[in-house]
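Residues 53 to 416 (my numbering) make up the sequence shown, in order.
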Amino acid sequence: MSFVKKSNPNKSALSEKEGVPQPEFISELVVKNIKGFRKIQPSSEDLINGILKGNISDLSRAITLVESTNPEHLTKANEIINACLPHSNQSVRIGITGVPGVGKSTFIEAFGKHLTSLGKKVAVLAVDPSSSISHGSILGDKTRMEELVKDKNAYIRPSASGETLGGVARKTRETIILCEAAGFDTIIIETVGVGQSETAVHSMVDFFLLLKISGAGDELQGIKRGIMEMADAIVINKADGDNIKKAKLAKTEFNRALHLFPAKKSGWMPTVSTCSAITKEGIDDVWKTISNYLELTQSNAYFQEKRQEQNQYWMMETINEQLKNHFYTHPEITKLLDEKKKAVQNNEISPFAAAMELLSTYFK
């Protein structure tokens, strides 16, 4: 005879067991110990001293403050930047751009390793595109540059582009200052490669390098202005294996295209070369090209003149940015903005008239 235990029809199989009752009080000693173990945020002076000594942890913390949107962090970040400014301007700033898939990260790793082998200290500021939907970013450049990230003379800082065009704006410019103060003599800025960020990058670097690949229709882009006019050198990447012949043909096409453009103010004639970031073929030639450019522009004073123009440009950009932020946070504007938006949507007022009314309110 078997006995079957009758189940309670009122009790679910997924019923929750009673938990352990919590103590009625929390030990003050435990709270004190936990607070003691928590990391105390270093002061501005501590971070400045750490940066000037080349401390990477302090450099990273300071860059985080620069990138923060917290108003409290802005004051601290400005203190650090102002203190580091006299110790900056002792580096070569190189901008590297190219369409997605051209091999920017692989090239930068090979190029960075070559520079560190020459005794250079290299900082890579890599910008990852942020999603316009989730606002997230992968920040996977350290994963791509697994060899360079282990190099003691290299520093890689991936940052999310956020809402800035191409991910380069005031924050990137200020990060350059911090890296220079930390002792990095070669700063590489990798753009998102979205097609419109190049102007911003060009306004903060000494040398602008455009990466291309052959066999992707890029040769036709050579006869177009814009990005080609800004480039100080064009490097055709992935010139290996069966692609070597195509790369050489692309080099010829781009050389012809460059002769269509007017002479540069610097007196430099842009060059075209091929390389393979995989086999490292042609990587040393890229640095020789940059060295020749620096020798020319420093001898004819264009290098310093360009730096001075860039400083003025970023002063004006900062003013524009601050005015825009102040406008949208103005109490009267925040009250009227939604109202005007609805009026524009319902065709009750033209966008231009609505804008003028908002601006008139702001300037009262």
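Ideal Cβ placement from N, Cα and C applies to all residues, glycine included. All values reported here derive from a predicted model rather than from experimental measurement.
Buried or exposed by the 16-neighbour rule on C-beta atoms within 10 Å, applied to residue i
i, result
"Arg308", "exposed"
"Ile86", "exposed"
"Asn372", "exposed"
"Phe404", "exposed"
"Met408", "exposed"
"Leu417", "Nothing can be reported for residue 417: it is not among the residues displayed for the chain, which extend from 53 to 416."
"Val72", "exposed"
"Gln397", "exposed"
"Ile160", "buried"
"Lys393", "exposed"
"Glu400", "exposed"
"Ile185", "Legend: pLDDT at Ile185 = 42, less than 50; position of this residue unreliable, value from coordinates given subsequently. Result: exposed."
"Ser95", "exposed"
"Pro210", "buried"
"Val338", "buried"
"Ile342", "buried"
"Ile103", "buried"
"Leu411", "exposed"
"Phe306", "buried"
CB of residue i within 9 Å of CB of residue j, strictly
i, j, result
"Ile208", "Val176", "yes"
"Gly147", "Val253", "yes"
"Ile240", "Phe163", "yes"
"Arg225", "Trp320", "no"
"Met256", "Gln362", "yes"
"Gln356", "Gln350", "yes"
"Ile265", "Gly334", "no"
"Lys156", "Ala206", "no"
"Gln360", "Glu232", "no"
"Ala129", "Leu111", "no"
"Tyr380", "Leu389", "yes"
"Tyr354", "Ser402", "no"
Residue i versus the options, residue with shortest Cα-Cα distance
i, options, result
"Lys105", "Ser343, Ala234, Pro210, His139", "Ala234"
"Lys340", "Thr323, Ser351, Ile330", "Thr323"
"Leu261", "Ala302, Leu346, Gly150", "Gly150"
"Lys204", "Asn107, Ile296, Leu346", "Asn107"
"Lys358", "Asn344, Lys316, Asp337", "Lys316"
"Phe313", "Leu411, Met282, Thr251, His378", "Met282"
"Ala302", "Asn101, Leu263, Glu80, Val338", "Leu263"
"Asn377", "Thr121, Glu131, Lys297", "Thr121"
"Glu369", "Glu198, Val83, Thr251, Glu97", "Thr251"
"His382", "Phe415, Ala395, Asn352, Ala406", "Phe415"
Integer Cβ distance of residue i from residue j, believed to fall under 8 Å
i, j, result
"Glu119", "Lys223", "5 Å"
"Phe259", "Asp284", "5 Å"
"Ile115", "Thr227", "5 Å"
"Thr413", "Glu384", "5 Å"
"Ile229", "Ser140", "4 Å"
"Val144", "Leu346", "6 Å"
"Leu99", "Arg113", "6 Å"
The ligand HEM heavy atom lying under 8 Å from the CB of residue i
i, result
"Gln397", "Absence of the ligand HEM from the depicted structure is noted, as is the absence of any ligand whatsoever, leaving it without description."
**Asked** Hey, is the segment 323-338 in contact with the segment 291-310, meaning 3+ C-beta pairs nearer than 8 Å?
**Response** yes
**Request:** Assess, as a yes-or-no matter, whether the segment 155-171 is touched by the segment 120-139 under the definition of 3 or more beta carbon pairs within less than 8 Å.
**Result:** no
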